[in-house]
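Heads up: the structure comes next, in structure tokens.
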DNA sequence: GTCTATAAATCGATAGAC
DNA sequence: GTCTATCGATTTATAGAC
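Protein chains in written order, with our numbering: chain A, 48 to 282; chain B, 48 to 282.
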């Protein structure tokens, strides 16, 4: 939505507005890490940019609107990272690992934004429905690999515990139109998405400190485990 | 550490101090949900209790010390929940599910405390080393089930992707003295712990909204999947 | 141990001059 | 569109009377 404003700036006025909007978002992202998302302060952003606190209200009319812009931008960037890492011509196991690594790398260089997306929700703030579209891009990248493996006939059968179709939301069953996922396949993609976010969160939040010995190596191991569970074959 | 103060109160003075310490902790826990952990305010706690803001410094000499007490108390409670749910005489699959459900129930009724433990870390705050002991109790409960299944000779062999022993911290390899876990078994317990926290976080933070259709049912399915991966046999 | 008073900051948001 | 000034509130923390 705000990125729309930054495309095709025609007049000098529009360009100036787009640039300042960008600077506000960048400053806000820098500040996410200093006091946490819930303490994000419009005033502090204004101070960092050398502008009056009231001037910023011309760009974002509330703190929540700025938060929404940051969240959608974050979901889009992590979706970009996942899609950019994916080479549809490669083998499923390689695609899977590449997507996982792309997401992790984005998270490592944008840890506060990752926390904004997947950490504790900001109290009193509710993300608008349109954020769901951007939020779905990363798990969809994972689903695409599974769908392609299934179409190629190389998807492994589900492991022992199977998923009751009644547990999956009707809308989610159609998450990848044309893929023809059954409940088990859908559930395995959901758990893969949850696993990816969960293991990155553990690494970023220090829960693996003195538990694992090699973060990148354990992450790759987790990716293999997750991919195998999803039905992909790893060498 | 603070709970020590509450055991064996001898004089009336000590009992009064213990009770007020308890009230401060309870009030702080109530406030965790209002503005998030990073906004936890000693003054607001004092106000809620009808005491002067300065008086509270007699009980906790800083906000970080109060946070530490809350974190250790939370880890201990979730460890209690896991241990209380475990019946060592039951079958491994039943024990596993019971522990999972016990942890989820604690999280559902203490969601802000759960977020304090496993959500975004509070900026500028570092948990003291002694918190690690309390933090380990919940995953240890999971490990105990796996260890007992191994001792009984009913632990399934590892699934295809195996874990390089170099990826596990040397201290973690001894996480359950006497269990004789190898790297694969240790890694599977770590991932089970991560899975449990991850799926509860997803449920609490709304990421499963309109994705799954039955939170409790999908949680049980996840528990079965996780237990099977850990090597337990589910009917 | 509890109180008042205070220090030196911060915040979101608005009004109104220019 | 940007500024100053302001409102009414918040915070952590300390000093000192009682």
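Cβ atoms here follow ideal geometry from the backbone N, Cα and C, with glycine treated the same way.
message: Any C-beta of chain B within less than 8 Å: which residues of the region 142-156 of chain A qualify?
response: Correct list: empty, as no residue qualifies.
field: With 16 other Cβ atoms within 10 Å as the buried cut-off, status of residue 104 of chain B
entry: Locating residue 104 of chain B in the second chain gives position 57, where the first residue counts as 1. Exposed, because fewer than 16 other Cβ atoms sit within 10 Å of the Cβ of residue 104 of chain B.
- prompt: Which residues of chain B have a Cβ atom closer than 9 Å to the Cβ of residue 281 of chain A, listed in chain order?
  reply: As a working mapping, residue 281 of chain A is identified with position 234 in the first chain. Result: 207, 208.
query: Helix or strand or just coil, what does DSSP make of residue 53 of chain B?
result: The count along the second chain starts at 1 and reaches residue 53 of chain B at position 6. Only weak support is given to the placement of residue 53 of chain B: the predicted model assigns it a pLDDT of 48, under 50, and the value that follows is read from those uncertain coordinates. Note: residue 53 of chain B maps to helix in three-state DSSP.
task: Please check if any C-beta of chain A sits within less than 7 Å of the C-beta of residue 265 of chain B.
output: The residue you call residue 265 of chain B lines up with position 218 of the second chain. It does: the Cβ of residue 265 of chain B has a partner Cβ on chain A nearer than 7 Å.
field: Nearest candidate by alpha-carbon position, reference residue 278 of chain A, set A:139, A:65, A:88
entry: For this step, residue 278 of chain A is matched to residue 231 along the first chain. Checked all of A:139, A:65, A:88; the closest Cα to residue 278 of chain A is A:139.
- request: Helix, strand or coil for residue 259 of chain B, going by three-state DSSP, please let me know.
  value: Here the question's residue 259 of chain B lines up with position 212 in the second chain. DSSP places residue 259 of chain B in strand when its eight states are reduced to three.
task: Could you tell me whether the region 70-77 of chain B touches the region 177-185 of chain A, using the rule of 3 or more Cβ pairs below 8 Å?
output: Touching, no, given that fewer than three Cβ pairs across the two stretches are closer than 8 Å.
- prompt: So with Cβ pairs under 7 Å, would you call residue 225 of chain B a contact of chain A?
  reply: Here residue 225 of chain B is taken as the residue at index 178 of the second chain, counted from 1. Chain A contact via Cβ: absent.
message: Does the CB of residue 86 of chain B have a neighbour CB from chain A at under 7 Å?
response: Locating residue 86 of chain B in the second chain gives position 39, where the first residue counts as 1. Residue contact check for residue 86 of chain B against chain A: a CB pair falls below 7 Å.
message: Comparing C-alpha positions only, which one of B:213, B:265, B:192, B:205 sits nearest to residue 136 of chain B?
response: Position 89 of the second chain holds residue 136 of chain B. Considering only alpha carbons, the answer is B:192.
- prompt: Would you say residue 219 of chain B faces chain A, with C-beta separation under 7 Å as the test?
  reply: In the second chain, counting from the first residue as 1, residue 219 of chain B sits at position 172. With 7 Å as the cut-off, residue 219 of chain B counts as an interface residue toward chain A.
- prompt: Can you list, in chain order, the residues of its chain whose CB lies under 8 Å from that of residue 124 of chain B, leaving out five sequence neighbours each side?
  reply: The sequence position of residue 124 of chain B within the second chain is 77, counting from 1. 153, 157, 160.
Selection from B:273, B:85, B:242 that minimises the alpha carbon distance to residue 170 of chain A: Translated into positions along the first chain, residue 170 of chain A becomes position 123. Answer by Cα proximity: B:85.
message: Would you say residue 48 of chain B lies against chain A (beta-carbon separation less than 7 Å)?
response: Counted from its first residue, the second chain places residue 48 of chain B at position 1. With a pLDDT of only 43 at residue 48 of chain B, under 50, the local geometry of the prediction cannot be trusted, and no value is derived from it.
- prompt: With a cut-off of 8 Å, do at least 3 Cβ pairs link the region 112-128 of chain A to the region 245-255 of chain A?
  reply: At 8 Å Cβ cutoff, the stretches do not touch.
task: Could you tell me whether the region 229-245 of chain A touches the region 261-277 of chain A, where touching means 3 or more Cβ pairs closer than 8 Å?
output: Touching, per the Cβ criterion.
- prompt: Which residues bound the alpha helix (DSSP H) around residue 214 of chain A?
  reply: Residue 214 of chain A sits at position 167 when you count from the first residue of the first chain. Where residue 214 of chain A is concerned, there is no enclosing alpha helix (DSSP H), given that its DSSP letter is neither H nor E.
query: Given that residue 135 of chain A touches chain B, what residues does it touch there, using C-beta distances under 9 Å?
result: Here residue 135 of chain A refers to the residue found at position 88 of the first chain. Per Cβ cutoff of 9 Å: no residues; residue 135 of chain A is ~23 Å from chain B at best.
message: Please confirm whether residue 52 of chain A has its beta-carbon closer than 7 Å to some beta-carbon of chain B.
response: Taking the first chain and counting its residues from 1, one reaches residue 52 of chain A at position 5. For residue 52 of chain A, the predicted structure reports a pLDDT of 46, less than 50, and the residue's modelled location is therefore unreliable. The matter cannot be settled from this model.
query: Which word fits residue 271 of chain A, buried or exposed, when buried means at least 16 other C-beta atoms lie within 10 angstroms of its C-beta?
result: Counting from one through the first chain, the residue named residue 271 of chain A turns up at place 224. The residue in question, residue 271 of chain A, is buried, as its Cβ has 16 or more Cβ neighbours within 10 Å.
query: Since residue 169 of chain A meets chain B, which of its residues come closer than 9 Å, beta carbon to beta carbon?
result: In the first chain, counting from the first residue as 1, residue 169 of chain A sits at position 122. Correct list: 83.
field: Candidates A:164, A:175, A:281: closest to residue 111 of chain A by CA position
entry: Position 64 of the first chain, counted from the first residue, corresponds to residue 111 of chain A. Nearest in C-alpha terms to residue 111 of chain A, of all of A:164, A:175, A:281, is A:175.
query: Using DSSP with H/G/I as helix, E/B as strand and the rest coil, what is residue 98 of chain B?
result: In the second chain, the residue the question calls residue 98 of chain B occupies position 51. Secondary structure at residue 98 of chain B: coil, using DSSP grouped into helix, strand and coil.
- request: Kindly list the residues whose CB is nearer than 7 Å to the CB of residue 151 of chain A, restricted to its own chain and excluding five residues on each side of it in sequence; keep chain order.
  value: As a first step, residue 151 of chain A must be located in the first chain, where it is residue number 104. Short of 7 Å from the beta carbon of residue 151 of chain A, and not among the five residues preceding or following it, lie these beta carbons of its own chain, in chain order: 247, 266.
query: Where does residue 142 of chain B land, buried or exposed, given buried means 16+ other C-beta within 10 angstroms?
result: What you label residue 142 of chain B is simply residue 95 of the second chain in a count that begins at 1. Buried, since its Cβ has 16 or more Cβ neighbours within 10 Å.
query: Within 7 Å (strictly less), CB to CB, does residue 202 of chain B reach chain A?
result: One-based indexing of the second chain puts residue 202 of chain B at position 155. Judged by the 7 Å Cβ criterion, residue 202 of chain B is not in contact with chain A.
message: Within a Cβ cutoff of 6 Å, which residues of the same chain sit near residue 188 of chain A, ignoring the five residues on either side of it in sequence?
response: Here the question's residue 188 of chain A lines up with position 141 in the first chain. Cβ within range, chain order: 129, 130, 133, 146.
- prompt: Does the region 192-208 of chain A come close enough to the region 223-232 of chain A that 3 or more CB-CB pairs lie under 8 Å?
  reply: Judged by Cβ distances under 8 Å, the region 223-232 of chain A makes contact with the region 192-208 of chain A, as three or more pairs qualify.
- request: Measuring only between beta-carbons, confirm whether residue 110 of chain A sits less than 7 Å from chain B.
  value: What you label residue 110 of chain A is simply residue 63 of the first chain in a count that begins at 1. With its beta carbon at least 7 Å from every one in chain B, residue 110 of chain A lies outside the interface.
Spatial distance of residue 62 of chain B from residue 162 of chain A (CA atoms): As a first step, residue 62 of chain B is located in the second chain; it is residue number 15 there, counting from the start. As a first step, residue 162 of chain A is located in the first chain; it is residue number 115 there, counting from the start. Taking the straight line joining both Cα atoms gives about 41 Å.
query: What whole-angstrom Cβ distance do residue 43 of chain A and residue 102 of chain A have, given they're in contact under 8 Å?
result: The displayed coordinates of chain A run from 48 to 282. Any statement about residue 43 of chain A would go beyond what the structure contains.
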